[in-house]
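For what it's worth, the UniProt record's numbering labels the leading residue of the sequence shown as 1, then goes sequentially. The structure appears below as structure tokens.
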Amino acid sequence: MTSPLSSRMSLDSFRSPADKKSYRLITLSNGLEVLLVQSDASPVNRSTFDCNDDGNDLDSLSSTDDTGFDEEGDEINDRAPTLAAACLTVDVGSLADPEGLPGLAHYFEHMIFMGSEKYPAEDAFESFLSAHGGSSNGATECESTRFVFDVDAAYLAPALDIFANLFVAPILRREAMERELKAVESEFQRMRNNNSVRLQQVMCETSVPEHPYSRCFTWGNVESLKHNPERDGINVRGQMLQLFNKFYVAPAMKLCVYGCESLDVLEQYVTQSFSDIPAYRGSYDKPRSETLTVPYGGGAGQKPTVLHVIPVGEKCSIRLYWMLPPMMKNYRQKPWLYVGHLLGHESPESIASLLKQRQWATDIIAGTSDRDGYEFGSFGTVFEVRISLTEQGLACWEQVVQVIFDALHIFSSLAAAGDLPACVFEELHSSSEMDFRFQEDDIAPVTLCRELSERMLPRHNIQQHCEGDLLRYDLIQGGFDISSVYSLLSGLSANNVRAVLVASSFADTLNPNDLQTERWFGTKYTVNSIPESVIAAWSQLSNESIELSVLPTPNPFMPRNFSVLPLEPVIQVDNDTPPDLILTTSTTQLWYKRDRKFLVPKASVSFLVTLPEPTAAIHMLAELHVELVRRRLQHTLEQAETASFTTELDVRDEAIEVVISGFSDMLPSLVLVIMREVLRPSTTFDIESELTLARGELEREYRNATLSPRAKAYELRLQMLESRAVTTDDKLEALQSKYGHESDLAADLAHLTVSVLGCSKDTPVIRCMVIGNMSREAAVSLVLDVEAVKTGDSSLLPCEPEPELEPEPPILAPRCHTIALPPTTNGLLVRRDSERIGERNSVVEVYFQIGKVGPTDRAYAILLRSLLAQPLFHELRTKQQLGYTVTCSIRDTHGVLGLNLSVQSASHAAGAVAKKLDVFYMKNSHTIICSPMNAFRPNALQPTSKLCSELMLDLTQR
Numbered sequence: 001m002t003s004p005l006s007s008r009m010s011l012d013s014f015r016s017p018a019d020k021k022s023y024r025l026i027t028l029s030n031g032l033e034v035l036l037v038q039s040d041a042s043p044v045n046r047s048t049f050d051c052n053d054d055g056n057d058l059d060s061l062s063s064t065d066d067t068g069f070d071e072e073g074d075e076i077n078d079r080a081p082t083l084a085a086a087c088l089t090v091d092v093g094s095l096a097d098p099e100g101l102p103g104l105a106h107y108f109e110h111m112i113f114m115g116s117e118k119y120p121a122e123d124a125f126e127s128f129l130s131a132h133g134g135s136s137n138g139a140t141e142c143e144s145t146r147f148v149f150d151v152d153a154a155y156l157a158p159a160l161d162i163f164a165n166l167f168v169a170p171i172l173r174r175e176a177m178e179r180e181l182k183a184v185e186s187e188f189q190r191m192r193n194n195n196s197v198r199l200q201q202v203m204c205e206t207s208v209p210e211h212p213y214s215r216c217f218t219w220g221n222v223e224s225l226k227h228n229p230e231r232d233g234i235n236v237r238g239q240m241l242q243l244f245n246k247f248y249v250a251p252a253m254k255l256c257v258y259g260c261e262s263l264d265v266l267e268q269y270v271t272q273s274f275s276d277i278p279a280y281r282g283s284y285d286k287p288r289s290e291t292l293t294v295p296y297g298g299g300a301g302q303k304p305t306v307l308h309v310i311p312v313g314e315k316c317s318i319r320l321y322w323m324l325p326p327m328m329k330n331y332r333q334k335p336w337l338y339v340g341h342l343l344g345h346e347s348p349e350s351i352a353s354l355l356k357q358r359q360w361a362t363d364i365i366a367g368t369s370d371r372d373g374y375e376f377g378s379f380g381t382v383f384e385v386r387i388s389l390t391e392q393g394l395a396c397w398e399q400v401v402q403v404i405f406d407a408l409h410i411f412s413s414l415a416a417a418g419d420l421p422a423c424v425f426e427e428l429h430s431s432s433e434m435d436f437r438f439q440e441d442d443i444a445p446v447t448l449c450r451e452l453s454e455r456m457l458p459r460h461n462i463q464q465h466c467e468g469d470l471l472r473y474d475l476i477q478g479g480f481d482i483s484s485v486y487s488l489l490s491g492l493s494a495n496n497v498r499a500v501l502v503a504s505s506f507a508d509t510l511n512p513n514d515l516q517t518e519r520w521f522g523t524k525y526t527v528n529s530i531p532e533s534v535i536a537a538w539s540q541l542s543n544e545s546i547e548l549s550v551l552p553t554p555n556p557f558m559p560r561n562f563s564v565l566p567l568e569p570v571i572q573v574d575n576d577t578p579p580d581l582i583l584t585t586s587t588t589q590l591w592y593k594r595d596r597k598f599l600v601p602k603a604s605v606s607f608l609v610t611l612p613e614p615t616a617a618i619h620m621l622a623e624l625h626v627e628l629v630r631r632r633l634q635h636t637l638e639q640a641e642t643a644s645f646t647t648e649l650d651v652r653d654e655a656i657e658v659v660i661s662g663f664s665d666m667l668p669s670l671v672l673v674i675m676r677e678v679l680r681p682s683t684t685f686d687i688e689s690e691l692t693l694a695r696g697e698l699e700r701e702y703r704n705a706t707l708s709p710r711a712k713a714y715e716l717r718l719q720m721l722e723s724r725a726v727t728t729d730d731k732l733e734a735l736q737s738k739y740g741h742e743s744d745l746a747a748d749l750a751h752l753t754v755s756v757l758g759c760s761k762d763t764p765v766i767r768c769m770v771i772g773n774m775s776r777e778a779a780v781s782l783v784l785d786v787e788a789v790k791t792g793d794s795s796l797l798p799c800e801p802e803p804e805l806e807p808e809p810p811i812l813a814p815r816c817h818t819i820a821l822p823p824t825t826n827g828l829l830v831r832r833d834s835e836r837i838g839e840r841n842s843v844v845e846v847y848f849q850i851g852k853v854g855p856t857d858r859a860y861a862i863l864l865r866s867l868l869a870q871p872l873f874h875e876l877r878t879k880q881q882l883g884y885t886v887t888c889s890i891r892d893t894h895g896v897l898g899l900n901l902s903v904q905s906a907s908h909a910a911g912a913v914a915k916k917l918d919v920f921y922m923k924n925s926h927t928i929i930c931s932p933m934n935a936f937r938p939n940a941l942q943p944t945s946k947l948c949s950e951l952m953l954d955l956t957q958r
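Below is the structure:
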């Protein structure tokens with residue numbers, strides 16, 4: 001009898017010391033490679049939800065957009081870590097689309113979920129997952145396609161069998177093709193105004209014509225997958241079958257399975273279900289992208305070019321691209337991180353410092369995205385320098401680029417002489433080592449499976465070095481290899497560069513006769529060769545290079561002490577008890593909670609600095625102050641990030657919020673540096689010298705926010721619920737009212753920093769929370785030091801919690817009043833037209849106010865969301881195709897809960913969508929009411945698994 005396995009090995013010796021999961025890598029006899037992950041949790045039925053109201057539950061596909069939304073599958077990424085999950089990644093993507101059918105791989109990704117010969121029901125998989133607390137999704141990249149799901153851990157085995165049979169013998173029903181094409185079109189329409197996606201498509205279109213990268217249109221739409229094929233007589237379903245037969249075979253697949261059972265049991269599940277996937281279907285061939293050369297740039301025979309691109313909304317930037325040979329083999333050293341750090345650091349006399357000093361730029365980012373399929377593939381590696389420009393910088397962009405090349409020349413000379421500093425590498429190495437050593441078990445199973453199955457693909461070269469590197473990919477390994485850095489720097493030449501200028505002003509300044517129109521998204525742009533005289537200037541050091549001091553300064557926030565405070569054996573404290581109020585002064589209150597649950601050398605500190613009664617002007621001034629603080633602290637924040645700290649500075653409701661999390665060793669030092677700047681009163685003279693850039697950046701942010709349909713819907717709901725809501729339009733008007741009165745704006749801001757952030761003896765102005773690996777005494781000392789920064793004295797009195805303070809949630813400044821919605825027959829309707837000409841997307845939100853509730857009713861509200869989410873998605877998105885983005889969430893508006901159903905659609909009118917939502921809710925609410933209690937059992941919640949999440953549990957969501 002033939003063995004079901006051809007190989008088996010454990011990876012446990014390569015995992016992080018903090019990782020309690022078990023790993024086994026096996027290869028089935030058909031050539032399918034599988035990574036099994038055994039959770040350290042018990043196999044109980046659990047689920048979770050995300051009540052954030054900041055857009056984190058939005059989906060997108062194929063590439064990350066510039067609003068920060070992650071790829072398709074964010075909703076299931078927030079599942080609890082005890083759920084079981086799996087991801088199957090196929091080594092083929094959009095670069096294998098046949099000519100004349102761009103988007104076919106993505107279309108097929110949708111169709112494969114529509115039933116199999118063994119489980120022929122079209123919704124067999126989705127129905128099973130929905131019934132057992134799970135969901136599924138997929139994503140198509142240039143060179144890979146992945147399929148993911150999660151499910152209640154007790155039902156992993158049957159879920160795997162249904163899942164596996166989708167790849168053994170999918171049905172691909174003709175009647176389902178039209179409906180799924182609408183889903184593909186909805187995704188495309190949703191991304192039409194995404195500048196990152198639009199620019200990427202321009203980069204593809206301007207590649208060498210004979211390269212498949214030039215034809216790559218990962219998204220696909222009705223035109224590319226229906227109208228054009230019908231015109232050209234192409235059988236789309238037949239082409240799908242050819243794609244499936246050619247590439248969807250076991251040797252081209254990588255599977256990762258996460259479950260609570262033992263590795264032996266998981267191995268049995270996989271062997272039984274996935275061994276039937278054939279090794280060959282008669283025409284299997286490796287994707288042709290493995291033999292591709294670079295698609296654009298000097299390596300593709302193109303001359304250095306400059307593109308002028310007209311964006312959607314307010315943008316002004318320059319991007320320098322170098323398409324280099326594939327760099328996957330260098331994943332252990334990651335030289336792109338080293339070079340990116342040299343180019344983008346914020347030390348005095350750095351590139352960033354010089355460009356800001358000359359009023360040319362506001363920000364610079366450099367590096368390679370090794371998780372972006374368009375930029376990091378077997379065809380090549382894109383190294384990018386992205387600079388946010390001022391209007392002055394845009395006018396002299398060639399000089400801006402000269403500064404970049406001056407720095408590159410200096411780096412190359414140092415590398416050639418062997419003099420590049422190893423200390424920079426050591427900092428990056430230490431940072432990655434700290435993250436690996438103390439990694440927290442907060443990653444969702446489906447996200448872990450997705451990342452691991454992608455790393456298993458042969459083009460990443462990971463297993464050729466060491467199979468254990470699948471678990472150590474993010475860890476920088478080995479000593480400093482200056483030769484890999486020099487090799488990278490050698491490719492960053494003027495003769496290989498592509499410069500892309502992106503500015504909204506081009507709509508008025510470019511000659512319409514010179515404009516080209518990108519085929520799919522309609523982006524207007526021009527392409528021109530960069531003059532040889534400019535290339536010659538960039539190819540040598542300029543006379544002004546003497547102003548550059550390109551090497552970063554040492555990082556003062558790198559932790560050295562990783563000890564965990566000893567637990568007091570006599571103290572028995574429930575891990576779930578709320579923080580204690582341990583300090584009250586005339587201006588400050590401190591809540592404290594010692595970590596007795598995670599036992600890691602980390603802590604989190606949060607400050608809320610109360611603002612006066614909110615007006616649009618006060619909100620605008622506070623956000624302008626925060627913008628200035630970020631600019632002054634850019635070097636500090638960059639160093640903090642390198643040292644594995646996370647920092648947040650924002651204006652939240654009626655307070656300036658500062659949240660700092662990371663290793664407790666250097667946390668107090670970082671907190672003091674940041675809070676000293678946040679609380680520092682400024683003079684009008686100080687502010688005037690910095691105001692132009694900060695004001696311009698804030699205005700662009702406001703303008704872009706007013707154009708987002710999703711953001712508009714969010715603000716309209718808050719306007720309805722809050723008696724003192726401040727909208728982006730209000731803040732933009734307040735900022736614009738100061739045009740021509742910059743001195744008055746500076747004076748107003750100076751007054752805010754002195755009167756609001758200065759000492760007040762009447763009410764607590766600062767509310768602070770400390771959670772984690774920090775003693776009570778150290779927490780008090782830290783807050784006293786911050787208090788001294790603010791007041792200049794130490795007249796402080798530690799005390800026990802006062803009775804009148806106990807009912808109030810910790811560290812919350814006085815909140816806006818939430819309105820109780822009046823009962824009506826048909827509800828309240830609030831609508832607003834889009835301000836963007838040609839906007840095809842509309843957003844409909846249906847909000848049911850629940851009210852102020854206790855912990856029990858809050859849990860029931862979460863359960864209600866869990867019960868509605870998957871049916872809502874299946875009915876309105878999958879079956880009715882109302883829109884690609886369909887979400888269900890619980891919103892917490894200052895302690896008042898509400899159920900929110902939302903659909904974003906580019907194909908249906910808002911009124912029609914609202915009616916469909918109403919019908920859905922009435923039908924399903926009746927179903928829930930009539931359901932037996934045991935139907936709710938799979939939807940129990942899982943406690944948080946990350947220290948900083950403990951802090952966020954005490955912050956009221958909106």
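C-beta atoms are modelled at their ideal positions from N, C-alpha and C, and glycine is treated no differently.
Which residue or residues does DSSP assign as beta-bridge partners of ALA157? None; ALA157 has no bridge partner.
Within 10 Å of its beta-carbon, does ARG926 have 16 or more other beta-carbons around it, so buried, or fewer, so exposed? The sequence shown places His at residue 926, rather than the Arg named in the question. Counting Cβ neighbours within 10 Å, HIS926 comes out exposed, since fewer than 16 surround it.
Buried or exposed by the 16-neighbour rule on C-beta atoms within 10 Å, applied to SER781: Exposed, because fewer than 16 other Cβ atoms sit within 10 Å of the Cβ of SER781.
Let me make sure I understand the geometry here. Which of ASN194, ASN235, TYR884, HIS106 has the alpha-carbon closest to that of GLY220? When each option's Cα is compared against that of GLY220, the closest is HIS106.
As assigned by DSSP and simplified to three states, the class of SER262: Coil at SER262, not helix or strand.
Secondary structure, beta strand (DSSP E): runs of 3+ residues fully inside the stretch 125-212: The qualifying runs are 135-140, 145-151.
Could you give the first and the last residue of the continuous alpha helix (DSSP H) run that contains TRP397? Counting along the chain, the alpha helix (DSSP H) containing TRP397 begins and ends at 397-416.
ASN900 (DSSP reduced to helix, strand or coil): If DSSP states are grouped into helix, strand and coil, ASN900 belongs with the strands.
When you compare each of LEU471, HIS460, HIS625, ALA643 to GLU688 by their alpha carbons, which one comes out closest? It is HIS625 whose Cα lies nearest to the Cα of GLU688.
Please classify PHE663: does DSSP put it in a helix, a strand, or coil? Note: PHE663 maps to strand in three-state DSSP.
Distance, ARG865 Cα to residue 1004 Cα: Residue 1004 lies beyond the stretch modelled for the chain, which goes from 1 to 958, so this question has no answer here.
Just to confirm the assignment, what range does the beta strand (DSSP E) spanning CYS423 have? CYS423 -> not in any beta strand (DSSP E); alpha helix (DSSP H) instead, spanning 422-437.
Taking the straight line between their C-alpha atoms, what separation do you get for ASN704 and ARG836? Approximately 10 Å between the Cα atoms of the pair.
Please go through the same chain and pick out, in chain order, the residues whose beta-carbon is closer than 6 Å to the beta-carbon of ASP370, but skip the five residues on each side of it. Around ASP370, the same chain offers PHE376 as residues with beta carbons nearer than 6 Å, after the five sequence neighbours per side are excluded.
Return no unless some Cβ of chain C is closer than 8 Å to the Cβ of TYR296. Here chain C cannot be found, since the structure has a single protein chain.
Residue of ASP580, LEU420, SER347, THR587 minimising C-alpha distance to GLN639: Just measuring C-alpha positions, the residue of ASP580, LEU420, SER347, THR587 sitting nearest GLN639 is SER347.
Are ALA250 and PHE149 closer than 8 Å when you measure CB to CB? In this structure, the beta-carbon distance from ALA250 to PHE149 does not fall below 8 Å.
Out of LEU354, ASP372, PRO445, SER413, which has the shortest C-alpha to C-alpha gap to SER403? It is worth fixing the name first, because residue 403 is Val in this sequence and not Ser. With distances taken between CA atoms, VAL403 lies nearest to LEU354 out of LEU354, ASP372, PRO445, SER413.
Specify the secondary structure class of VAL564 as computed by DSSP and reduced to three states. Note: VAL564 maps to coil in three-state DSSP.
Where the beta strand (DSSP E) containing HIS894 begins and where it ends: HIS894 -> no beta strand (DSSP E), and no H or E assigned at all.
Is the CB-CB distance between SER432 and ILE476 below 8 Å? Taking 8 Å as the Cβ cut-off, SER432 and ILE476 qualify as a contacting pair.
Environment of residue 959 [buried if 16+ CB atoms lie within 10 Å]: Since the first and last residues shown for the chain are 1 and 958, residue 959 lies out of range.
Rounding to the nearest angstrom, what Cα-Cα distance links MET328 and SER413 in this structure? About 25 Å.
Proximity below 8 Å, CB of TRP520 to CB of GLN239: It is not a contact, given that the beta carbons lie outside the stated cut-off.
List the whole-angstrom C-beta distance separating TYR321 from ARG198, where the pair is believed to meet the contact cut-off of C-beta under 8 Å. With a contact defined as Cβ atoms closer than 8 Å, TYR321 and ARG198 miss out at about 15 Å.
Can you check which of these residues, LYS597, LEU457, TRP538, THR27, is closest to GLU440 by C-alpha distance? Per the C-alpha coordinates, the member of LYS597, LEU457, TRP538, THR27 positioned closest to GLU440 is LYS597.
Measuring CB to CB, does LEU628 end up less than 8 Å from GLU699? No, Cβ-Cβ distance for LEU628 and GLU699 is not below 8 Å.
Rounded to whole angstroms, what's the CA-CA distance from ALA906 to ARG190? Just pull it up for me. Straight-line Cα distance between these residues: approximately 7 Å.
In this structure, does DSSP put SER22 in helix, strand or coil? Three-state DSSP puts SER22 in a strand.
My output table needs one value for CYS449: the three-state DSSP class, helix, strand or coil. In the structure shown, the three-state DSSP call for CYS449 is helix.
Residues near SER13 in its chain [Cβ-Cβ closer than 6 Å; skip 5 each side]: Excluding the 5 residues flanking it on each side, SER13 has no same chain C-beta neighbour closer than 6 Å.
Can you give me the C-alpha to C-alpha distance between PRO709 and GLU126, rounded to a whole angstrom? Taking the straight line from one Cα to the other gives about 29 Å.
Assign TYR739 to buried or exposed, taking buried as 16 or more other Cβ atoms, counted over all protein chains shown, within 10 Å of its Cβ. Counting C-beta atoms within 10 angstroms of its own C-beta, TYR739 has fewer than 16 neighbours from the protein chains shown and is therefore classed as exposed.
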